[in-house]
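Going down the list, the sequences are from chains A and B. Take the position in the first sequence, starting the count at 1, then add 20; the result is the number in this note's numbering. Take the position in the second sequence, starting the count at 1, then add 20; the result is the number in this note's numbering. Yeah, the Cβ is synthetic: ideal placement off N, Cα and C, and Gly gets one too. All remarks here apply to the structure that follows.
Protein chains: 2
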Amino acid sequence: MAARPLTKPRKSASQDRSRATVEALVEATARILVRDGFDKASTNRIGHEAGVSVGSLYQYFPNKEALVVAVIERHNRDLMTLVRGALAGAATLPVEQGVRALVTAAIAAHRLDPKLHRVLAEQIPRTGALENVEAFSRENFGTFRAYLEDHRAELRALDLDLAAFVCVTSIEALTHTAVLHHAELLTDEAAAALVDETTRLVLRYLQ
Amino acid sequence: MAARPLTKPRKSASQDRSRATVEALVEATARILVRDGFDKASTNRIGHEAGVSVGSLYQYFPNKEALVVAVIERHNRDLMTLVRGALAGAATLPVEQGVRALVTAAIAAHRLDPKLHRVLAEQIPRTGALENVEAFSRENFGTFRAYLEDHRAELRALDLDLAAFVCVTSIEALTHTAVLHHAELLTDEAAAALVDETTRLVLRYLQ
DNA sequence: GAAAAATACGAGCGATAACTCACATTCCAA
DNA sequence: TTGGAATGTGAGTTATCGCTCGTATTTTTC
Numbered sequence: 021m022a023a024r025p026l027t028k029p030r031k032s033a034s035q036d037r038s039r040a041t042v043e044a045l046v047e048a049t050a051r052i053l054v055r056d057g058f059d060k061a062s063t064n065r066i067g068h069e070a071g072v073s074v075g076s077l078y079q080y081f082p083n084k085e086a087l088v089v090a091v092i093e094r095h096n097r098d099l100m101t102l103v104r105g106a107l108a109g110a111a112t113l114p115v116e117q118g119v120r121a122l123v124t125a126a127i128a129a130h131r132l133d134p135k136l137h138r139v140l141a142e143q144i145p146r147t148g149a150l151e152n153v154e155a156f157s158r159e160n161f162g163t164f165r166a167y168l169e170d171h172r173a174e175l176r177a178l179d180l181d182l183a184a185f186v187c188v189t190s191i192e193a194l195t196h197t198a199v200l201h202h203a204e205l206l207t208d209e210a211a212a213a214l215v216d217e218t219t220r221l222v223l224r225y226l227q
Numbered sequence: 021m022a023a024r025p026l027t028k029p030r031k032s033a034s035q036d037r038s039r040a041t042v043e044a045l046v047e048a049t050a051r052i053l054v055r056d057g058f059d060k061a062s063t064n065r066i067g068h069e070a071g072v073s074v075g076s077l078y079q080y081f082p083n084k085e086a087l088v089v090a091v092i093e094r095h096n097r098d099l100m101t102l103v104r105g106a107l108a109g110a111a112t113l114p115v116e117q118g119v120r121a122l123v124t125a126a127i128a129a130h131r132l133d134p135k136l137h138r139v140l141a142e143q144i145p146r147t148g149a150l151e152n153v154e155a156f157s158r159e160n161f162g163t164f165r166a167y168l169e170d171h172r173a174e175l176r177a178l179d180l181d182l183a184a185f186v187c188v189t190s191i192e193a194l195t196h197t198a199v200l201h202h203a204e205l206l207t208d209e210a211a212a213a214l215v216d217e218t219t220r221l222v223l224r225y226l227q
């Protein structure tokens with residue numbers, strides 16, 4: 021069989037003590053990524069920050085990348101929970117409110133932990149976690165496409181694939197850029213204006 | 021005085037021979053970035069690829085980052101030339117054609133050297149070239165805002181800053197994502213459809 | 001409470017990378 | 001032609017990093 025890239029734990033922690041160790045390592049990794057950046061996140065340093073020896077680190081993570089992947093997976097899980105909830109809630113709404121809810125959720129998702137999100141977004145291409153993130157993208161794309169299909173009656177004639185691509189990409193880019201590169205757009209009024217404009221952009225395109 | 025980050029040549033090459041050396045180093049760096057990725061781009065390897073010794077490399081570049089920055093600056097210069105030309109040509113056109121020309125130019129810009137563009141986009145956060153790229157963004161933003169101002173009569177009432185942000189960010193994201201992550205959207209028909217849809221998105225938003 | 005299993009430790013190994021420096025070669029001005 | 005300036009060389013230095021492994025400690029099992 022082919023050599024799989026190892027990003028899974030060597031041992032799975034069974035006692036409470038070791039579960040706490042694993043938890044501390046993932047937390048420490050996230051903290052160091054945010055505070056010092058990817059290049060400063062050496063395994064020795066992560067161990068030190070977590071109050072754990074390098075040896076223990078390598079009991080649970082086969083390599084440094086696996087630690088970063090663990091952080092990404094956890095962050096992704098949080099995002100997905102939030103976005104899935106919003107999409108589920110919006111499914112039965114007419115497009116005016118549905119799209120608005122989705123945009124609002126996208127901003128909320130980016131605000132969960134903006135600094136971590138930024139570091140991860142910048143460093144993901146270097147890790148084996150691309151698949152993970154692309155799966156996330158695909159899920160959003162698929163769900164939104166289904167939403168459009170359900171509300172076809174409210175829309176102009178559309179190539180659904182293309183329309184979903186245009187909408188999802190635009191919403192993601194606008195919220196991502198606003199939250200991560202234009203903090204000034206996040207006062208309450210500015211954020212409201214951003215939601216309005218993004219919603220308008222998407223709606224006028226769809227209708 | 022404060023210690024400035026060194027990304028400028030130690031010596032500026034004055035003879036033809038040394039200019040050729042510098043040129044070869046930048047070329048080699050770009051080639052290695054595209055072929056092998058950032059992590060494989062060691063200074064020794066770059067020197068070897070350029071047919072130049074490490075010693076010579078360090079005569080003209082204070083560190084590895086400076087080499088990458090040089091590649092980024094060159095690529096950016098190419099992009100800017102293209103985009104500036106398109107914006108200049110579009111300045112007097114009505115928005116229907118102006119926006120379409122801009123979108124077409126954005127795709128052309130991303131197609132200049134997609135592989136290099138992708139590697140650089142991924143690695144820029146790690147280099148000192150962020151300012152560079154942000155300057156590029158700001159120029160585009162400013163030019164487009166001025167364009168909107170000139171064509172106010174054709175548009176609905178707008179917050180120009182916000183509208184320019186929305187349009188520029190969306191166009192950039194759609195073209196970037198399409199070219200770099202969805203090669204299938206770049207057959208001639210698909211590309212034409214993408215231009216149509218992006219143009220429509222922006223125009224219906226503005227009008 | 002003793003044996004066994006799980007967990008934790010951290011000095012140190014091997015690899016690699018950025019960068020230097022003492023010396024060689026080429027170019028050019030006088 | 002020649003001497004100094006510009007350019008080029010690459011083995012070696014220094015530093016860091018990922019990771020191992022022999023050992024120590026804690027927990028569980030019986």
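Task: Limits of the alpha helix (DSSP H) - the one that B:Pro-134 falls within - done: Per DSSP, B:Pro-134 belongs to the alpha helix (DSSP H) from 134–143.
Task: Where B:Ser-34 falls, given that 16 or more other Cβ within 10 Å makes a residue buried - done: Taking all protein chains shown into account, B:Ser-34 has fewer than 16 neighbouring C-beta atoms within 10 Å of its C-beta and is therefore exposed.
- [ ] Return the chain-ordered list of same chain residues with a C-beta closer than 8 Å to the C-beta of A:Arg-138, the five sequence neighbours on each side being excluded.
- [x] Excluding sequence positions up to five before and after A:Arg-138, its CB lies within less than 8 Å of the CB of Leu-200, all in the same chain and listed in chain order.
TODO: With DSSP collapsed to three states, give me the class of A:Gln-35.
DONE: Coil at A:Gln-35, not helix or strand.
Open item on the list: Could you compute how far the alpha carbon of B:Thr-218 sits from the alpha carbon of A:Leu-150?
Closed with: Within the model, the alpha-carbon separation for B:Thr-218 versus A:Leu-150 is close to 26 Å.
Open item on the list: Assuming B:Asn-64 is part of the alpha helix (DSSP H), what are its boundary residues?
Closed with: B:Asn-64 -> alpha helix (DSSP H) spans 63–70.
Task: C-beta neighbour in chain A for B:Val-103, strict 8 Å - done: Closer than 8 Å: no.
Task: Three-state secondary structure assigned by DSSP to A:Ala-208 - done: Here residue 208 of chain A is Asp; the residue named in the question, Ala, does not match the sequence. Here A:Asp-208 sits in helix by DSSP.
TODO: Would you please verify whether the beta carbon of A:Ala-184 is less than 8 Å from any beta carbon of chain B?
DONE: The beta carbon of A:Ala-184 does not come within 8 Å of any beta carbon belonging to chain B, so the residue lies off that interface.
TODO: Using a threshold of 8 Å, state whether the C-beta atoms of A:Val-188 and A:Phe-161 are closer than that.
DONE: Closer than 8 Å, so yes.
TODO: Could you give the DSSP three-state label for B:Thr-112: helix, strand or coil?
DONE: DSSP places B:Thr-112 in coil when its eight states are reduced to three.
TODO: Please report the residue range of the alpha helix (DSSP H) in which B:Asn-83 lies.
DONE: Counting along the chain, B:Asn-83 falls outside any alpha helix (DSSP H), and DSSP gives it neither H nor E.
- [ ] Enumerate in chain order the residues of its own chain whose CB-to-CB distance from A:Thr-207 is below 8 Å, with the five nearest sequence positions on each side excluded.
- [x] Here the set comprises nothing.
Open item on the list: I'd like to know whether the C-beta atoms of A:Ile-144 and A:Val-215 end up nearer to each other than 8 Å.
Closed with: Contact: no.
Task: Opening and closing residue of the alpha helix (DSSP H) in which A:Phe-197 lies - done: According to the sequence displayed, residue 197 of chain A carries Thr and not Phe. 180–201 is the extent of the alpha helix (DSSP H) around A:Thr-197.
TODO: Could you name the residues of the same chain whose beta carbon sits closer than 8 Å to that of A:Leu-136, not counting the 5 residues immediately before and after it, in chain order?
DONE: Excluding sequence neighbours, A:Leu-136 sits near Ala-50, Leu-53, Val-54, Val-91 and His-95.
Open item on the list: Does any residue of chain B have a CB that is nearer than 8 Å to the CB of A:Ala-23?
Closed with: Note that A:Ala-23 has pLDDT 32, beneath the 50 cutoff, so the model's placement of it is unreliable and no number is given.
Task: Contact check, A:Val-186 vs B:Leu-221, beta carbons under 8 Å - done: Taking 8 Å as the Cβ cut-off, A:Val-186 and B:Leu-221 qualify as a contacting pair.
- [ ] Between the Cα of A:Ala-141 and those of A:Leu-45, A:Phe-58 and A:Arg-39, spot the shortest distance and give me the residue it belongs to.
- [x] Its Cα nearest to that of A:Ala-141, the residue A:Phe-58 stands out among A:Leu-45, A:Phe-58 and A:Arg-39.
Open item on the list: Strictly below 9 Å CB to CB, what residues from chain B border A:Leu-221?
Closed with: Here the neighbours are Val-186, Cys-187, Ser-190, Leu-221, Val-222, Arg-224 and Tyr-225.
Open item on the list: On the DSSP letters alone, give me the boundaries of the alpha helix (DSSP H) that A:Ser-73 sits inside.
Closed with: Unbroken run through A:Ser-73: none, as it is neither H nor E.
Open item on the list: Strictly under 8 Å for the Cβ-Cβ distance: is B:Ala-163 near chain A by that measure?
Closed with: The amino acid at residue 163 of chain B is misidentified as Ala; the sequence shows Thr. No, B:Thr-163 does not count as interfacial toward chain A.
Open item on the list: Against chain B, which members of the segment 192–206 of chain A pass a CB distance test of less than 9 Å?
Closed with: Residues passing the 9 Å Cβ filter: Glu-192, Ala-193, Leu-194, His-196, Thr-197, Ala-198, His-201, His-202 and Leu-205.
Open item on the list: Quick check on the DSSP output: the alpha helix (DSSP H) that includes B:Glu-154 runs from which residue to which?
Closed with: The continuous alpha helix (DSSP H) containing B:Glu-154 extends over residues 150–170.
Task: Contact the segment 163–178 of chain B vs the segment 102–119 of chain B: 3+ CB pairs below 8 Å - done: Touching, yes, given that three or more Cβ pairs across the two stretches are closer than 8 Å.
Open item on the list: Relative to the C-alpha of A:Tyr-167, which candidate in A:Arg-224, A:Ala-106 and A:Gly-148 has its C-alpha closest?
Closed with: Residue A:Ala-106 is the option with its Cα nearest to A:Tyr-167.
TODO: Would you tell me roughly how many angstroms separate the C-alpha atoms of A:Gly-75 and A:Ser-38, rounded to the nearest one?
DONE: So the alpha carbons of these two residues sit roughly 13 Å apart.
Open item on the list: Only counting the same chain, and skipping five residues up and downstream in sequence, which positions put a Cβ closer than 7 Å to that of A:Glu-69?
Closed with: Within its own chain, the residues whose Cβ lies closer than 7 Å to the Cβ of A:Glu-69, once the five positions on either side in sequence are excluded, are Ala-48, Arg-51 and Ile-52, listed in chain order.
Task: Cβ distance (whole Å) where B:Val-115 is taken to contact B:Leu-205 below 8 Å - done: Wrong, their Cβ atoms sit about 24 Å apart, outside the cutoff.
Open item on the list: Taking 8 Å as the threshold (beta carbon to beta carbon), is A:Ala-48 in contact with chain B?
Closed with: Closer than 8 Å: no.
Open item on the list: Under 7 Å: does the beta carbon of B:Ala-50 sit that close to some heavy atom of the ligand HEM?
Closed with: The ligand HEM is absent from the structure shown, which contains no ligands of any kind.
- [ ] Enumerate in chain order the residues of its own chain whose CB-to-CB distance from A:Ser-62 is below 7 Å, with the five nearest sequence positions on each side excluded.
- [x] Once the five neighbours on either side are set aside, A:Ser-62 has no close Cβ partner at all.
Task: Under 7 Å by beta carbon: chain B residues contacting A:Pro-145 - done: Correct list: Glu-142.
TODO: Determine the closest residue to A:Leu-223 out of A:Arg-104, A:Arg-120 and A:Leu-99, with distance taken between C-alpha atoms.
DONE: The option with the nearest alpha carbon to A:Leu-223 is A:Arg-120.
Open item on the list: Does the CB of B:Glu-217 have a neighbour CB from chain A at under 8 Å?
Closed with: At least one chain A Cβ lies under 8 Å of B:Glu-217.
- [ ] Flag B:Leu-26 as yes if its beta-carbon sits less than 8 Å from any beta-carbon of chain A, otherwise no.
- [x] Its pLDDT being 39, under 50, B:Leu-26 is placed unreliably in this model, and the value from its coordinates should be taken loosely. Look at B:Leu-26: its C-beta is not under 8 Å from any C-beta on chain A.
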